[in-house]
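Below is one structure, written out as structure tokens; the observations come after it.
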Ligand SMILES: *[C@@H]1O[C@H](CO)[C@@H](O)[C@H](O)[C@H]1NC(C)=O
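Residue numbers (mature numbering (1 follows the signal peptide of the UniProt record, and there is no 0)): -21 to -1, 1 to 301.
The following block contains the structure:
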């Protein structure tokens, strides 16, 4: 992730709540400030006839249900809307009132995941669908191309529109996901429990901030937690074991391109913690399908003084913080 893209993204994530709050004022225009308006907003959202609407920007971040209308004021050739919802939700996206000219090179494409600087989340290896099936192209399949449902809590829409006054409306709807697997965290602080139950798959929890990750509980079907000799394996290679947890660090969003910071292949309850001074920190659970595997962890943003001083890409452990 380039510094500018990431800076922009972080800015977006940080200002997410204020953007949402500000556009609520446009919608409600009642001039109420602070917590009260958030509460009343939620109450209104619960009543079925309230529909949240606001304009969509060429570069935008959406985190709420609603209708987002884009109208080009000039040719807009490289636009993207990033959508992120809670870890246990997936996203339904629907296009309405589309007026674009596909024959003139306009397009609207929905992607099941995020693409940042050419890297994809979830990675090709971890996503249930082949890459080409993760794109929904409005122009190549009108009708069918107007709706899409994500496999995880992030999705995005790319669009290019040449003529002024052309545009579309994007409807965002959150849906509950009882078995979240790949997740992008909305914030640099939090906790999560990832479970894979008798499934041969790998799940990643990605935090696009430098963080300290504290494992609270790890239970892998195969492991014998009372075997003292396993203690030595704590931060070494677990590739011989079919079920393990990897902590990864890197500066992009594709987990298959990231550096292993630590592997854990024994059960533990109690503290194991690691600082990862990279732009992206990931907890990845690798599961053979033979067991029920579970990992619980907490994370917090690293303070500026905790960050590594130099970031030499040539060093394998360049984002490990001592
Ligand atoms: C899960 O990850 C491991 C190690 O990266 C890999 O060997 C395995 O094939 C992956 N499993 C699936 C179902 O993709």
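We put the beta carbon where it would ideally sit given N, CA and C, even for glycine.
Item: Assign residue 285 to one of three DSSP states: helix, strand, or coil.; Value: helix
Item: Could you give the residue range of the beta strand (DSSP E) that holds residue 58?; Value: 55 to 63
Item: For ligand 1, is there a heavy atom less than 7 Å away from the beta-carbon of residue 103?; Value: no
Item: Give the straight-line distance between the Cα atoms of residue 7 and residue 151, rounded to the nearest whole angstrom.; Value: Annotation note: pLDDT 36 at residue 7 (below 50); position unreliable, coordinate value reported separately. Rounded to whole angstroms, residue 7 to residue 151 spans 19 Å at the Cα level.
Item: Below 8 Å, can you find three or more Cβ-Cβ pairs linking the region 147 to 165 to the region 177 to 191?; Value: yes
Item: Which term fits residue 179, buried or exposed, when burial requires 16 or more other beta carbons within 10 angstroms of its beta carbon?; Value: exposed
Item: Would you call the region 57 to 68 in contact with the region 128 to 141, where contact means no fewer than 3 C-beta pairs closer than 8 Å?; Value: yes
Item: Per DSSP, which one or two residues make a beta bridge with residue 66?; Value: Partner(s): none; residue 66 has no beta bridge.
Item: Could you give the DSSP three-state label for residue 236: helix, strand or coil?; Value: helix
Item: Going along the chain, which residues of its own chain have a beta-carbon closer than 7 Å to the beta-carbon of residue 52, five neighbours each way excluded?; Value: 143
Item: Might you give, ordered along the chain, the residues of its own chain that have their beta carbon closer than 8 Å to the beta carbon of residue 252, omitting 5 neighbours on each side?; Value: 191, 192, 193, 194
Item: Are there 16 or more other CB atoms within 10 angstroms of the CB of residue 267, so buried, or fewer, so exposed?; Value: buried
Item: Going by DSSP in three states, residue 182 sits in which element: helix, strand or coil?; Value: strand
Item: Under DSSP, the beta strand (DSSP E) around residue 277 begins and ends at which residues?; Value: 271 to 280
Item: Just to confirm, are residue 100 and residue 171 a CB contact at a threshold of 8 Å?; Value: no
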